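Colleague: Quick note, the working numbering runs 9 ahead of the 1-based positions in the sequence shown.
All residues carry an ideal CB built from backbone N, CA and C; glycine is no exception.
Note that the coordinates shown come from a computational prediction; the quantities given were computed from them, not determined experimentally.
So that we are looking at the same thing, I have put the structure below in structure tokens.
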Amino acid sequence: MTNILSAFRTIISNYQTNVQHVTNGSNRANNMGDGLEAFIKDAFANTFNETNEQTKLEVFSRIYSYSGNKNNPPDLILQNSDAIEIKKLESASTAIALNSSYPKAKLFSNSTMITTACRTCEAWSEKDMLYAIGNVPKTTNQLKSLWLVYGDCFCADKEVYERIQQTISSGITSIPNVEFTQTNELGKVKKVDPLGITDLRIRGMWHIENPTKIFNYLYHYDETATFQLICLMKKEKYEALPLEDRNAIENLSNLHVTLSDIRIKNPNNPIQLMDGKLLVFKV
């Protein structure tokens, strides 16, 4: 079954940097995000060179158990494996907008932020969260860089974010003489004015720093490179991947590929360091 290591090999062996233009709709950012999602789908399914759409869909149905929407995480789930959240940025260092969904080290099936289709796509309770963060500069459709980094390398435990969210929600609902309704957002106030005709939605807008900044102590982003692919995971995740895929990576005879043992700051206690693996393809 496919995984981050097989996707890494697929990308470098079918080297291409163009992200498909998607023209439906007027929101360019979303459309280019769709193009990046198509790229990621092809990378994990090894379908870059498949021209028959029906055949490609059949492969996708075997590789993925869920394909999401723009409003609820994640964007993809690999069958019996990782959840994938895809983010397209026009700058290599800009912060990542997560909107109403806080950063996730793991994805849980009891999350109120996921859809019923996601919750029931297979039998699961917890999944590793893989962030695919691509830089597609403005006015181009060229993928200049791609980070594949697991959430537990830079996102704290969910309690850290939920404590802030719940504290804000509790403060909002303590306002006297207003009517509140149940919501997944921070709050929704009904009938704010005397006529009872005005509602107020209170939404969280989460952002997190770009991995290029977060991990600048591990990897120095090369502005002169045509393309760079950076994969980062904890050592225990790497060692849990199939031996066949690890051997294939470790025996690659490609001068543009490096595999390094590194130490990552613990997102819950940065003074502690975690063992990790860093894979880089740069041309």
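With DSSP run on the structure shown, which of helix, strand or coil describes residue 45?
Modeller: The residue labelled residue 45 in the question sits at position 36 within the sequence shown. Residue 45: helix per DSSP, three-state reduction.
Colleague: When DSSP builds the beta bridges, which residues end up paired with residue 159?
Modeller: The sequence position of residue 159 within the sequence shown is 150, counting from 1. DSSP output for residue 159 lists 139 as bridge partner(s).
Colleague: Between the Cα of residue 235 and the Cα atoms of 243, 269 and 265, which residue gives the shortest distance?
Modeller: Taking the sequence shown and counting its residues from 1, one reaches residue 235 at position 226. Considering only alpha carbons, the answer is 265.
Colleague: Look at the alpha carbon of residue 205 and the alpha carbon of residue 192, and state the distance between them as a whole number of angstroms.
Modeller: One-based indexing of the sequence shown puts residue 205 at position 196. One-based indexing of the sequence shown puts residue 192 at position 183. Rounded to whole angstroms, residue 205 to residue 192 spans 19 Å at the Cα level.
Colleague: Drop a sphere of 10 angstroms on the beta-carbon of residue 237, count the other beta-carbons inside from all chains shown, and report buried for 16 or more, exposed for fewer.
Modeller: The residue given as residue 237 occupies position 228 in the sequence shown. Buried is the call here.
Colleague: Looking at the unbroken alpha helix (DSSP H) that takes in residue 169, where does it start and where does it end?
Modeller: Here residue 169 refers to the residue found at position 160 when the sequence shown is read from its first residue. Unbroken alpha helix (DSSP H) run through residue 169: 167–182.
Colleague: Who are the near neighbours of residue 284 in its chain, counting only those whose CB is closer than 6 Å to its CB and skipping five residues on each side?
Modeller: Here residue 284 refers to the residue found at position 275 when the sequence shown is read from its first residue. Here residue 284 has 244 as same chain residues with Cβ atoms under 6 Å from its own Cβ, once five neighbours each way along the sequence are excluded.
Colleague: With DSSP as the reference, label residue 79 as helix, strand or coil.
Modeller: In the sequence shown, residue 79 corresponds to position 70, counting from 1. Correct three-state label for residue 79: coil.
Colleague: By Cβ distance below 7 Å, which residues in the same chain neighbour residue 39 in space, the five residues on each side in sequence not counted?
Modeller: In the sequence shown, the residue the question calls residue 39 occupies position 30. Confidence at residue 39 is low in this model, with a pLDDT of 47, below 50, so the placement of that residue is unreliable and no value is reported for it.
Colleague: Here's the rule I'm using: 16 or more other beta-carbon atoms within 10 Å means buried, otherwise exposed. How should residue 98 be labelled?
Modeller: Taking the sequence shown and counting its residues from 1, one reaches residue 98 at position 89. Under this definition residue 98 is a buried residue.
Colleague: For residue 35 and residue 203, what's the separation of their Cα atoms in angstroms?
Modeller: On the sequence shown, residue 35 is found 26 positions in, with the first residue counted as 1. On the sequence shown, residue 203 is found 194 positions in, with the first residue counted as 1. The predicted position of residue 35 is uncertain, since its pLDDT is 43 and thus under 50; no value can be drawn from it.
Colleague: Whose C-alpha, out of 292, 143, 273 and 46, is nearest the C-alpha of residue 103?
Modeller: Here residue 103 is taken as the residue at index 94 of the sequence shown, counted from 1. Among 292, 143, 273 and 46, the Cα nearest to that of residue 103 belongs to 143.
Colleague: On a Cα-Cα basis, can you pick out the residue from 27, 47, 52 and 172 that is closest to residue 18?
Modeller: Here the question's residue 18 lines up with position 9 in the sequence shown. Checked all of 27, 47, 52 and 172; the closest Cα to residue 18 is 52.
Colleague: If you run the structure through DSSP and keep just helix, strand and coil, what is residue 34?
Modeller: The residue given as residue 34 occupies position 25 in the sequence shown. Confidence at residue 34 is low in this model, with a pLDDT of 43, below 50, so the placement of that residue should be treated as unreliable; the coordinate-derived value is given next. Of the three classes helix, strand and coil, the one that applies to residue 34 here is coil, per DSSP.
Colleague: Start and end of the beta strand (DSSP E) containing residue 269?
Modeller: In the sequence shown, counting from the first residue as 1, residue 269 sits at position 260. 266–275 is the extent of the beta strand (DSSP E) around residue 269.
Colleague: Counting pairs of Cβ atoms below 8 Å between the stretch 249–264 and the stretch 212–219, do you hit three or more?
Modeller: Cβ pair count under 8 Å is below three, so no.
Colleague: Using beta-carbon positions only, say whether residue 250 and residue 85 come within less than 8 Å of one another.
Modeller: Looking up residue 250 in the sequence shown gives position 241. Looking up residue 85 in the sequence shown gives position 76. Not a contact, by the Cβ cut-off of 8 Å.
Colleague: Quick check: what's the CA-CA separation for residue 117 versus residue 25?
Modeller: To locate residue 117, count along the sequence shown from 1; it is residue 108. To locate residue 25, count along the sequence shown from 1; it is residue 16. When the Cα atoms are used, residue 117 and residue 25 turn out to be separated by approximately 34 Å.
Colleague: Leaving out five residues on either side along the sequence, give the residues of the same chain with a beta carbon under 6 Å from the beta carbon of residue 75.
Modeller: The residue given as residue 75 occupies position 66 in the sequence shown. Closer than 6 Å at Cβ, skipping near neighbours: 86, 127 and 130.
Colleague: Cβ atoms of residue 114 and residue 138: under 8 Å apart, would you say?
Modeller: Counting from one through the sequence shown, the residue named residue 138 turns up at place 129. Counting from one through the sequence shown, the residue named residue 114 turns up at place 105. In contact: residue 138 and residue 114 (Cβ atoms closer than 8 Å).
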